[in-house]
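Numbering (this note's numbering), first residue to last: 154 to 359. Backbone N, C-alpha and C define an ideal beta-carbon position, used for all residues, glycine too. Below: one structure, written as structure tokens.
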Amino acid sequence: MPETAGALGPASELAAWLMEFSDLGFCLTLTRNRNAEDVIRAYGIDPAHARPLPLDAFLEVDPNGTGVDEGTVIRFGHSGQNAFSLEYLDTKGGRHPVLANLSAGTETVVLTEAADAMTLFRHARDGVRLSSFEPDAPQETLNGPGPHTYAELLQRVITERATDDEADRKTALQDTLRVVHDQYGELPAPAQLSGPLLTAYLPDVP
């Protein structure tokens, strides 16, 4: 069932969790009809190298034992028929070639937020990025060949909210995740994201 504006539903709960999760940036991907192992491979990681870790352990992972950030630690899981990944600080899931790999033969949406709180949404299908935009101004910031399904749906949500106030960070996240929930039928739940998930390390490529 679609989440109504203002309701404390899956989109609102996930938006609140993501805001608390990181003030320094994150990358959440959601891919149709895939499992966690498929998503791990899309990042170029051998699934055999992933292990289940709870959230607190994930945030403390230091693969090199050096205390120096030289790569990305990524969590993986599935929600219904869809698979997701969650990166802390980095945004590899929204960039080539990972996004092309994720969306090959299917569809992927990516929600990223940088340290400066700039949020970006991307939509790809069959290895091609169709659109990208900033959720608080989808029409003004729209890029890509289209179709621009998500930008159009999000603009409709913004219009229905019918407020003259500029959307704040939380509202923009909620609106975007409402659209994704309506299209995908499922979102990762905060309880799931806080619990043990397959976790792997992706080193930076020089």
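Kindly indicate which three-state DSSP category residue i falls into: helix, strand or coil?
{"i": "A168", "result": "helix"}
{"i": "A257", "result": "coil"}
{"i": "I227", "result": "strand"}
{"i": "H249", "result": "coil"}
{"i": "A277", "result": "strand"}
{"i": "S386", "result": "One cannot answer for residue 386 here, as it falls past the ends of the chain, which runs 154 to 359."}
{"i": "T324", "result": "helix"}
{"i": "M309", "result": "A small correction: the amino acid at residue 309 is Arg; Met does not occupy that position in the sequence shown. Correct three-state label for R309: helix."}
{"i": "G159", "result": "With a pLDDT of only 42 at G159, under 50, the local geometry of the prediction cannot be trusted, and the value read off the model is given with reservation. If DSSP states are grouped into helix, strand and coil, G159 belongs with coil."}
{"i": "T329", "result": "helix"}
{"i": "R187", "result": "coil"}
Am I right that residue i and residue j are in contact with their C-beta atoms under 8 angstroms? What's the rounded C-beta distance?
{"i": "Y196", "j": "L355", "result": "6 angstroms"}
{"i": "V310", "j": "V281", "result": "The Cβ separation is near 25 angstroms, so there is no contact."}
{"i": "E240", "j": "G246", "result": "6 angstroms"}
{"i": "G258", "j": "D279", "result": "6 angstroms"}
{"i": "E287", "j": "T294", "result": "4 angstroms"}
{"i": "A325", "j": "T265", "result": "With a Cβ gap of about 13 angstroms, A325 and T265 do not count as contacting."}
{"i": "T225", "j": "D199", "result": "Going by Cβ atoms, the distance from T225 to D199 rounds to 16 angstroms, so no, they are not a contact pair."}
{"i": "F274", "j": "S285", "result": "7 angstroms"}
{"i": "N235", "j": "Y337", "result": "6 angstroms"}
How would you call residue i, buried or exposed, if buried means at least 16 neighbouring beta carbons within 10 angstroms?
{"i": "P341", "result": "buried"}
{"i": "D269", "result": "exposed"}
{"i": "V230", "result": "Going by the sequence as given, residue 230 is Gly instead of Val. Buried is the call here."}
{"i": "L330", "result": "buried"}
{"i": "E260", "result": "buried"}
{"i": "P291", "result": "buried"}
{"i": "P163", "result": "buried"}
{"i": "L177", "result": "exposed"}
{"i": "N186", "result": "exposed"}
{"i": "T182", "result": "buried"}
{"i": "D209", "result": "exposed"}
{"i": "A344", "result": "exposed"}
{"i": "A201", "result": "exposed"}
Just list the residues that DSSP pairs residue i with in beta bridges.
{"i": "Y241", "result": "F179"}
{"i": "R282", "result": "A277"}
{"i": "V262", "result": "L183 and H276"}
{"i": "L206", "result": "L350"}
{"i": "A236", "result": "T184 and H231"}
Secondary structure, beta strand (DSSP E): runs of 3+ residues fully inside the stretch 329-356: 350-356
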